[in-house]
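Trainee: Please see the structure below; I have some questions.
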Amino acid sequence: MNQPEWWNNATIPDIARVAETATAWKNFEPAAAAASDVIAREVQERHGVDVTTLVADERARAGEERTEAVQLIAEADRLDRAATPTEDRDRPTDVIDQLDRAARAPDQDAQRGVDGADNPSEQRSQSANGDQSRQGSAESTALRADAGNAYDSAERREAYAASLAGPRVSAEDITVRMRAATNQGRPPQDAVTSPSRSGNRTAAPRHVLTRTRERGDRSR
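Throughout the sequence shown, residue numbering follows my numbering, covering 218 to 437 in sequence.
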């Protein structure tokens, strides 16, 4: 917390998380009180805002991400329904029905193959339905993945401070968790946007490409 390196690498969610934790415990733990003062000073100097404003903005963003997650899941459900054949939408989906359908599937597929072999129109229809189903499934899967990421990031930011709010948490445990929170690594998405890391990633391909060209020139 007192190291410039931490502040140079910390994201706004990192700062908001430790600020909330320090504020929640500053009246019970001297280390938290000291951390709260450091955070308030650094936030003011580095970002030009009060730490309470920064935390409030981050909470608002967490709420927006949760709302986005709900919307993405709803859209994924809509795509799943659109990709489901009409005759299957109105059928019960209990376990017995699913097992019954799974048992009949091989015979039905074989029969459709025989019936559709001499019917080009049927083949085109089945192909189109299959493409639509696969596309809907892929899109809904991607939407659910995005929803999971959005919900997870929002949930983690709000749940961390709450996890320390139990009355049975010892002062030693608080200190350990505070240190873990302030010393944790940067989030995965920073690996894409970090100048130092992205520089390392782009350097290697250029080197390989140069050597490849050299070998090509020699072969000529």
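From the three backbone atoms N, C-alpha and C, an ideal C-beta is built for every residue, glycine too.
Do the segment 251 to 269 and the segment 286 to 302 make contact, defined as three or more Cβ pairs closer than 8 angstroms?
Mentor: These segments do not touch.
Trainee: Could you check the C-alpha separation between GLY221 and LEU289 for me, to the nearest Å?
Mentor: On the sequence shown, position 4 is the one that residue 221 refers to. On the sequence shown, position 72 is the one that residue 289 refers to. What sits at residue 221 in the sequence shown is Pro, not Gly. Between PRO221 and LEU289, the C-alpha separation is close to 38 angstroms.
Trainee: Taking the alpha-carbon positions, what's the GLY265 to ALA286 distance?
Mentor: By 1-based counting over the sequence shown, the position of residue 265 is 48. By 1-based counting over the sequence shown, the position of residue 286 is 69. Cα to Cα, GLY265 sits roughly 31 angstroms from ALA286.
Trainee: Where does GLU281 land, buried or exposed, given buried means 16+ other C-beta within 10 angstroms?
Mentor: For the purposes of this step, residue 281 is taken as residue 64 along the sequence shown, with counting starting at 1. Result: exposed.
Trainee: Relative to the alpha-carbon of ASP231, which residue among TRP242, ALA248, VAL268, ALA291 has its alpha-carbon at the smallest distance?
Mentor: On the sequence shown, residue 231 is found 14 positions in, with the first residue counted as 1. Selected option, being the one with the closest Cα: VAL268.
Trainee: Kindly indicate which three-state DSSP category ALA233 falls into: helix, strand or coil?
Mentor: What you label residue 233 is simply residue 16 of the sequence shown in a count that begins at 1. Note: ALA233 maps to helix in three-state DSSP.
Trainee: Roughly how many angstroms separate the alpha carbons of ILE229 and ALA239, rounded to a whole number?
Mentor: Taking the first residue of the sequence shown as 1, we reach residue 229 at position 12. Taking the first residue of the sequence shown as 1, we reach residue 239 at position 22. Between ILE229 and ALA239, the C-alpha separation is close to 15 angstroms.
Trainee: Could you name the residues of the same chain whose beta carbon sits closer than 6 angstroms to that of PRO247, not counting the 5 residues immediately before and after it, in chain order?
Mentor: Residue 247 sits at position 30 when you count from the first residue of the sequence shown. Beyond the five residues adjoining it in sequence on each side, PRO247 comes within less than 6 angstroms, by CB distance, of no other residue in the same chain.
Trainee: How many whole angstroms separate the CB atoms of LYS243 and ALA250, which I take to be in contact at a CB cut-off of 8 angstroms?
Mentor: Taking the first residue of the sequence shown as position 1, residue 243 is located at position 26. Taking the first residue of the sequence shown as position 1, residue 250 is located at position 33. Between ALA250 and LYS243 the Cβ distance is about 4 angstroms, and since that is below 8 angstroms, they are a contact.
Trainee: Which residues in the same chain have their Cβ closer than 8 angstroms to the Cβ of LEU271, if we skip the five residues on either side of it in sequence?
Mentor: Along the sequence shown, read from residue 1 onward, the residue named residue 271 stands at position 54. Result list for LEU271: ILE229, ILE232, ALA233, ALA236, VAL260, HIS264, in chain order.
Trainee: Can you find the residues in the same chain that come closer than 8 angstroms, C-beta to C-beta, to ASN219, ignoring five residues on each side of it along the sequence?
Mentor: Stepping through the sequence shown from its first residue, residue 219 is reached at position 2. Cβ neighbours of ASN219 beyond the five flanking positions: VAL255.
Trainee: GLY280 by DSSP, collapsed to three states: which one?
Mentor: If you number the sequence shown from 1, residue 280 lands on position 63. GLY280 falls in the helix class under three-state DSSP.
Trainee: Between which two residues does the alpha helix (DSSP H) carrying GLN261 extend?
Mentor: Counted from its first residue, the sequence shown places residue 261 at position 44. First-last of the alpha helix (DSSP H) with GLN261: 247 to 264.
Trainee: Can you tell me where the alpha helix (DSSP H) with ASN225 in it begins and where it stops?
Mentor: Position 8 of the sequence shown holds residue 225. Looking at the DSSP string, the run of the alpha helix (DSSP H) that includes ASN225 is 221 to 226.
Trainee: Assign ALA227 to buried or exposed, taking buried as 16 or more other Cβ atoms, counted over all protein chains shown, within 10 Å of its Cβ.
Mentor: Taking the first residue of the sequence shown as 1, we reach residue 227 at position 10. So ALA227 counts as buried.
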